[in-house]
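So in the working numbering the end of the first sequence lands on 579, straight run, no missing numbers. Here the structure comes first, spelled out in structure tokens, and everything after it is commentary.
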Amino acid sequence: MGGPIESTRPATSDRAELPPLPGAVDGKVVLRLAPFPNGALHIGNARMLYVNDEYRRRYRGKLYLVFDDTIGSEEKRVDPAIFDVIQNDLVLAGVPPDDVFYKSDRIPRFYPWAVRVIERGAAYVCRCPAELLRKNRESGTACPERSQSLEETLEGWEKMLAGAFGPGEAVLRLRTDLADPDPAFRDRVLMRISDLEHPRVGRKYRVWPMLEFSWAVDDVELGLTHVLRGKDLVIEDRMEEFIWKLLGIQGPPFLHWGLLRLREAKIAKSKSFKEVKSGVYDGWSDPRTWSIDSLARRGIRAEALRRFTLSFGLSLSDIEVPAETLYAENRQLIDPTTARRAFVPDPVLVEVEGAPELGVIELPNHPDRPELGRREVVAAPPYWLPRAELERHAGEEIRLKDLLNLKLPLERIAGDATRLVARFTGRENKKLPRIQWVARESSIPVELLELDGSRRTGQGEGSLRSSAPGDVLQFERVGFVRLEDKWKPGTEPVLACFGHP
RNA sequence: GCUCCCGUAGUCUAGUCCGGCCAAGGAUUCGGCGCCUUCGACGCCGUAACCCGGGUUCAAAUCCCGGCGGGAGCACCA
């Protein structure tokens with residue numbers, strides 16, 4: 079007896095597991111999400127969300143949302159409306175944070191740290207124009223300020239805080255090594271001066287930390303045990319570690335993953351931002367943004383996004399995945415419980431000569447799941463049929479799915495034709511092209527929002543009248559759709575958003 | 001140009017740290033068949049990969065060297 083020894087190979091039929099977190103202690107893990115608040119979360123942020131959340135679950139730890147809302151730049155401004163949008167996105171994504179922090183609330187905390195770094199003799203106040211600073215960095219040239227004494231630096235720092243310098247006139251720089259092989263790492267800026275108005279704290283502060291420095295501080299102050307982030311931020315690791323070493327601090331370890339892009343969604347957040355603001359897009363939930371919100375609108379479940387994202391593990395390769403992979407994940411989740419309905423896009427009215435009276439028939443809600451029940455459908459000509467199919471099968475015999483066969487006239491359908499007469503050929507279930515149909519008698523207009531933002535109009539079966547906003551359905555031979563939240567039952571047309579094939 | 005990272009089938013991934021059970025597993029896609037009523041699901045079958053060249057070794061996807069290819073960073077942005 080006993081099971082055969084199949085193979086010692088790891089059972090990879092199950093979903094790939096993320097590797098264990100180094101040094102993680104159950105119940106003690108503290109992680110963070112740090113999106114820049116300039117746009118809704120989108121598919122590119124999903125990896126950050128679910129990898130962090132997965133570890134939080136596994137180790138029963140904490141996950142903080144930390145808004146990286148330092149002052150930014152002219153080009154990269156914080157959008158105050160986005161704070162709520164992001165929090166809402168996290169709820170939609172099924173990744174609620176345990177606590178929320180704003181960097182802009184923490185600015186004074188960075189000042190003493192700056193002093194600590196200065197007192198180690200590892201920083202100086204540089205008054206070079208940005209241009210020159212960059213040039214010197216590239217060539218590895220030291221500017222005169224680099225050799226200033228500790229006292230001079232402290233004095234300069236105090237002057238920065240006191241407002242003696244205008245924006246761009248002075249920065250606090252870390253003294254790394256001008257000969258560092260990585261030019262990007264030479265004497266990076268820690269703190270700078272900005273007069274821009276911050277949406278949350280206004281002009282309360284003039285001296286702002288750079289991202290890396292703020293994290294060197296907050297990853298310690300917030301008690302993070304592990305920092306998980308995209309590998310585009312690896313230089314931040316070095317910076318943080320450099321500062322910790324300088325101050326004799328043991329900081330959390332870093333883990334990374336590569337860039338994840340959806341082939342269909344190469345859009346930049348900034349572009350979406352523009353289109354959302356200008357009203358070209360229908361808000362952040364416009365399918366063209368590929369935001370988390372827009373995916374929810376399309377009936378793509380958070381669980382599908384989670385599985386999709388985690389399937390890539392912590393791989394460091396930069397990848398580009400077709401959306402079809404995400405759709406497959408979602409289909410697996412929703413197909414077994416999703417009711418089928420008829421929807422005829424770009425419909426043409428077709429009379430059927432010699433058709434028997436059928437009245438009202440019953441059809442199953444799902445072809446393989448009788449437990450999902452049945453619905454009543456009126457089966458009486460004339461029928462709405464999809465124009466594209468009528469054109470493709472002109473002169474041929476076709477079958478109205480689940481109903482009857484008919485022969486289409488040979489004539490070509492004029493572009494604006496609205497009526498056609500076909501001939502009944504029988505009810506026998508023959509192997510014929512099958513198309514969806516809706517009897518005019520009980521049809522209801524439907525407007526389907528497509529992924530490119532366009533709207534397709536058509537006729538849906540009468541049973542849609544008893545559907546509710548938020549329902550996910552399959553329009554047979556069209557795809558999975560979700561009825562729009564803004565649709566009010568009892569009104570026409572029914573509003574639906576296309577999900578995926 | 002400099003720095004770092006990556007390179008397994010069409011796509012993604014497991015395996016690479018600790019060489020042999022990997023003539024390479026899974027998912028998805030694609031093709032065929034079935035389920036006689038979907039361009040969906042399900043079932044079966046099939047196609048298909050270790051970037052290249054050297055080296056070490058009885059043995060290399062796995063270790064070493066050298067190429068090539070791809071990505072990211074080189075902001076007083078995040």
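Using N, Cα and C, we set each Cβ at its ideal position, and we do this for glycine too.
- With distances taken between CA atoms, F502 lies nearest to R477 out of I412, R477 and S151.
- Less than 8 Å separates the beta-carbon of L302 from that of P330.
- Within the same chain, and ignoring the five residues on either side of V144 in sequence, the residues whose Cβ sits closer than 6 Å to its Cβ are R110, A112 and F179.
- Nearest Cα to N443 within the set P434, I196, L436 and V455: V455.
- By the Cβ test, the segment 237-249 is not in contact with the segment 169-179, since fewer than three Cβ pairs between them sit closer than 8 Å.
- Taking a contact as a CB-CB distance under 8 Å, the pair A201 and L289 does not count as one, their CB atoms being some 17 Å apart.
- For T535, the enclosing beta strand (DSSP E) covers residues R533 to G538.
- With distances taken between CA atoms, P434 lies nearest to P459 out of L450, E449, P459 and I412.
- The beta carbon of A401 is closer than 8 Å to those of L340, R341, E342, A343 and H578 in its chain, skipping five residues each way along the sequence.
- D146 counts as buried, since at least 16 other C-beta atoms from the protein chains shown sit within 10 angstroms of its C-beta.
- Following the DSSP letters along the chain, one finds E290 inside the alpha helix (DSSP H) bounded by residues L289 to E299.
- Fully contained in the segment 450-495 are the following beta strand (DSSP E) runs of length 3 or more, in chain order: 452-456, 461-464, 475-478 and 482-485.
- With contacts defined by Cβ atoms closer than 8 Å, L441 and N483 do not form a contacting pair.
- A residue is called buried once 16 or more other Cβ atoms fall within 10 Å of its Cβ, and L488, having fewer, is exposed.
- E528 is classed as exposed because its beta carbon has fewer than 16 other beta carbons within 10 Å across all chains shown.
- For E230, the uninterrupted alpha helix (DSSP H) run begins and ends at L228 to A240, by DSSP.
- The alpha carbon of E554 has as its nearest neighbour, out of F421, V305, G473 and R533, the alpha carbon of F421.
- Within the segment 134-200, the runs of beta strand (DSSP E) at least 3 residues long that lie entirely inside it are, in chain order, 140-145 and 177-180.
- In its chain, beyond the 5 residues on either side, R215 and E216 have a beta carbon closer than 7 Å to the beta carbon of P261.
- Burial check for V203: the Cβ neighbour count within 10 Å reaches 16 or more, so the residue is buried.
- Proximity of the segment 279-289 to the segment 181-192 meets the contact definition, three or more beta-carbon pairs being nearer than 8 Å.
- Counting of Cβ neighbours within 10 angstroms places G101 among the exposed residues, the total staying below 16.
- When rounded, the separation of the alpha-carbon atoms in P207 and P175 is 41 Å.
- The segment 408-420 makes contact with the segment 371-389, as at least three CB pairs between them are under 8 Å.
- Counting the other Cβ atoms within 10 Å of the Cβ of L394 gives fewer than 16, which makes it exposed.
- Short of 6 Å from the beta carbon of S272, and not among the five residues preceding or following it, lie these beta carbons of its own chain, in chain order: I149, P245 and W286.
- The DSSP assignment places complete beta strand (DSSP E) segments of no fewer than 3 residues inside the segment 301-370 at 305-308, 332-335 and 338-340, in order along the chain.
- The straight-line gap separating the alpha-carbon atoms of R452 and F351 is approximately 44 Å.
- Under the DSSP assignment, F386 falls in the alpha helix (DSSP H) whose first and last residues are A380 to L388.
- Taking C-beta atoms as the reference points, R560 and A574 count as a pair closer than 8 Å.
- Residue environment: T415 is assigned as exposed (fewer than 16 neighbouring CB atoms within 10 Å of its CB, all protein chains considered).
- In the pairwise beta carbon analysis, the segment 157-177 is classified as touching the segment 363-380: at least three pairs are separated by under 8 Å.
- Under the DSSP assignment, Q410 falls in the alpha helix (DSSP H) whose first and last residues are A401 to I412.
- A417 and L551 do touch by the CB rule: their CB atoms are close to 6 Å apart, below 8 Å.
- F553 sits in a strand when the DSSP states are folded into three classes.
- Between V499 and P571, the gap from beta carbon to beta carbon reaches 8 Å or more.
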